[in-house]
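Participant:
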Amino acid sequence: MTRNWTWLAVIAALLALATITAPRSAGAIEVKKKLYSGGGGGGASGPAPKNPLTPALQQKLIDVVSDESYKFVSAESEKKSDGEVYIDLEAAKMKYLPSVAGDKTNVTCKLEAAEYKGKKGTISKGSATGKRKVLVFKYQLDGQKWVEQGEPAWEDVKSDETKTAKGK
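This note's numbering applies: residue 19 is where the sequence shown begins, and numbers increase by one.
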């Protein structure tokens, strides 16, 4: 029994010695303490700007976009049931890009979704075309109310943007 304890002590000592003498950089991943160190990439340096929208304003924006996009969702649903090419806005992902110019807060909201070829008479999605579209809304904050700036517009998503989004 004493012999077993001796072997365990030797193994523990060897593991401790190996831990102490092992190279520190072998296969290690360097974690930068300062993420926004600038340099490189050509983009703006420093941390991302603070979001100018309070949670209440964000919720109001989501509600307004939801209300405004309803007619587009209905139109695309109609195309789907007719077997035409449609954009699946029901599964769209919303992004918003706020900006402040002077005392005005502007927001561009984007609903991005995949394009499909519907199958007439079925409720299935149909077949994907491989394309993506974005429905863009522009708003300006007037007090505590979002005011639409122009009509919503469709934009194509470039294939390299789609690959980048899928890679994230």
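We treat Cβ as the ideally placed atom computed from N, Cα and C, and that holds for glycine.
Which term fits residue 94, buried or exposed, when burial requires 16 or more other beta carbons within 10 angstroms of its beta carbon?
Facilitator: So residue 94 ends up on the buried side.
Participant: According to DSSP, is residue 162 part of a helix, a strand, or is it coil?
Facilitator: In this structure, residue 162 counts as coil in the three-state DSSP scheme.
Participant: What are the start and end residues of each continuous alpha helix (DSSP H) run of 4 or more residues lying completely inside the stretch 116 to 146, in chain order?
Facilitator: Listed in chain order, there is nothing to give.
Participant: Taking the alpha-carbon of residue 172 as reference, which of 129, 68, 137, 108 has the nearest alpha-carbon?
Facilitator: Here the closest residue by C-alpha is 129.
Participant: What is the rounded straight-line gap between the Cα of residue 148 and the Cα of residue 162?
Facilitator: Spanning the two alpha carbons is a distance of roughly 39 Å.
Participant: Is it true that the stretch 92 to 106 meets the stretch 132 to 145, where meeting means three or more beta-carbon pairs spaced less than 8 Å apart?
Facilitator: With a cut-off of 8 Å, the stretch 132 to 145 and the stretch 92 to 106 count as touching, because enough Cβ pairs lie within range.
Participant: Cα separation between residue 169 and residue 152?
Facilitator: So the alpha carbons of these two residues sit roughly 14 Å apart.
Participant: Under the rule that 16 or more other beta-carbon atoms within 10 Å means buried, what is residue 116, buried or exposed?
Facilitator: When all chains shown are included, residue 116 counts as buried.
Participant: So residue 91 and residue 164 are supposed to be a Cβ contact under 8 Å. How far apart are they, rounded?
Facilitator: Between residue 164 and residue 91 the Cβ distance is about 19 Å, and since that is not below 8 Å, they are no contact.
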